[in-house]
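These notes concern the structure reproduced below.
In this note's numbering, the protein residues as written are -17 to 74.
In structure tokens, the structure reads:
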């Protein structure tokens, strides 16, 4: 709800070595904000994971991609997941 105003606090929270669940939630929020000042590795980790799921092509991977594709429309990971789902359907 705070939008971009929360980004600096989220970045600081990542630096404090949060638990795995907290890190995942924080990274999801930052990905939805498509934060340009995160290190390239942080920004691209989710995109690479989507590529791996698409490459795997298993029913489980397809289900996870479909779930990810249901995220916020403006989020980069949502857009990437939607594109991967479409490519997987076209490849059948």
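We put the CB at the ideal spot given by N, CA and C, even for glycine.
- By the neighbour-count criterion, in which 16 or more other beta carbons inside 10 Å mark a residue as buried, residue 49 falls on the exposed side.
- Contact annotation: residue 72 and residue 63 have beta-carbon atoms that are not nearer than 8 Å.
- An exposed status is given to residue -2, since fewer than 16 other beta-carbon atoms sit within 10 Å of its beta-carbon.
- Going by DSSP, residue 54 is part of no alpha helix (DSSP H) at all; its letter is neither H nor E.
- Shortest Cα-Cα distance from residue 53 to any of 15, 3, -9 involves 15.
- Distance from residue 12 to residue 35 at the Cβ level is roughly 20 Å; contact not present, criterion being Cβ atoms closer than 8 Å.
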